[in-house]
Every structure is written in structure tokens, then in C-alpha cells.
Amino acid sequence: MSSAELACIYEMNMFHEDRDLNEDILSGRAFDVLLTLMDSNQTIESISRSLNMPVFSAQMYLNRLKAAGMVKEKKNQLSDGFLEKEYSLVSEDLSIINNLSKTSSASEREKELTAHHFAVMTKQAIKCAGNHKNKPYQIGSYFMKVKVEDMEEFKKEIDALFDKFRALEDTEQTQTYSLFAVMAPYEMEVRNDG
């Protein structure tokens, strides 16, 4: 074990958790842990193997995600008397990722994190669509000038579509599908005027 890894272990409790969780997720590793848990409940060992990271690193990310209220831990009694910890998402809804923005006035950093998460998942979905061209998929975008009132009505239709999509869930199936929607005012440069 390197001195850097040892330092990481010894200093784990000295981190400023909120700041470091944001940094971890922005760098992608804690986000990878979240995505792994979206597939199924996992042990620390299975997360470590799946992500090819040391067990102590996976544990550090899980501790931060637990502290943020995004991941929960369950202890299972094994036949040999040992306890095994199993981790899962607090919510099965993918929008849990947006829980990093806990206030209505999210900081620029939190907005960046949310955008980063969405972009990573969207990129993966597009890559998967390219690998499964024989299965249904739809990717598109459209930019236009429009009245705000019309968009308020259209948002209600999007909400209803998401409800319809969620109603199709069949946990017996092996194929996972994603549905992304981004409907928002668009600016080439985002202003910081709130």
C-alpha cells in the first residue's frame, strides 16, 4: 500500500464531507458508485471489484454518500456468523442524484455537479443506443423561441409521459431503459444573476 493510500485512510475523518463529496462526484468515482448501486444492491467487495478500485476507496465514497442521505446500509447475518454490509440507493428514482442540490438557491458548483451527472448518464445512454440499434431508441433535440405559458403546459405533458414510462417497469426483465428530458431556457453563456 502506498503512502498516499495510507494518508487517505488516516485522513478520512478529517475531510469536510460536503465539499469532498461534491469533488468526488464531479471527478466521477463516487458517481460510478451511485451508478453501480442503481443496478442492484451491492457489498463493498462487489463494488470494489466492479469499479476496479481499492476496498478502502469504495468505503470512503460509500461513507460520504451515506452521510449525504443518498445511500443506505443494511447488515445481513451470514451462515458462518459474520455480518455482511449491503448497500443500496435510498430511492430507486434516478433523480436522487439531484439531492446534492438541497437548497432552492443552489450554488454554481452544485449546478455544475447536477449538469455533469446528467451529461454522463446521457452520454452512456447514447453510446448504448449505438450498440443496440435493433432495439427502440430516440435521440433528438430542438431549439426554438416560444411563449413561457406554452412551455408551462408542455411541462405538464412531459410529467405525464414520465409517469407513463415509470408505469411500464417490469422488474423481471433484464433490459434497462432510460428516458431523459431537458426542457429549459437556453443561453450560450449562463449568467450568474440568479
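The sequence shown maps to residues 2 to 195 in this note's numbering. Beta carbons are placed, not taken as given, at the ideal position from N, Cα and C, and that holds for glycine.
Distance between beta carbons of residue j and residue i, contact taken as under 8 Å
{"i": "VAL1", "j": "MET71", "result": "Since the displayed the chain opens at 2 and closes at 195, residue 1 lies outside it and no answer follows."}
{"i": "ILE45", "j": "VAL34", "result": "Not quite, the Cβ-Cβ distance comes to about 10 Å (not below 8 Å), so this is no contact."}
{"i": "MET152", "j": "MET189", "result": "Between MET189 and MET152 the Cβ distance is about 19 Å, and since that is not below 8 Å, they are no contact."}
{"i": "TYR88", "j": "LEU63", "result": "6 Å"}
{"i": "LEU66", "j": "ALA116", "result": "With 8 Å as the limit, LEU66 and ALA116 do not qualify as a contact, their Cβ atoms being about 19 Å apart."}
Continuous beta strand (DSSP E) stretch holding residue i: start and end
{"i": "GLN78", "result": "72 to 78"}
{"i": "LYS86", "result": "84 to 90"}
Boundaries (first-last residue) of the alpha helix (DSSP H) holding residue i
{"i": "LEU66", "result": "56 to 68"}
{"i": "SER196", "result": "In the structure as shown, the chain starts at 2 and stops at 195, and residue 196 therefore has no counterpart that could be examined."}
Where residue i falls: helix, strand or coil (DSSP)
{"i": "MET199", "result": "The first residue shown for the chain is 2 and the last is 195, placing residue 199 beyond what the model contains."}
{"i": "ASP33", "result": "helix"}
{"i": "CYS9", "result": "Residue confidence for CYS9 is low, a pLDDT of 40 falling below 50, so the modelled location carries little weight and cannot support an answer."}
Could you tell me which uninterrupted beta strand (DSSP E) segments, each at least 3 residues in length, are contained entirely in the stretch 130 to 186, listed from first to last along the chain? none
Inter-stretch contact (C-beta, 8 Å, three-pair minimum) for the stretch 122 to 141 and the stretch 169 to 186: yes
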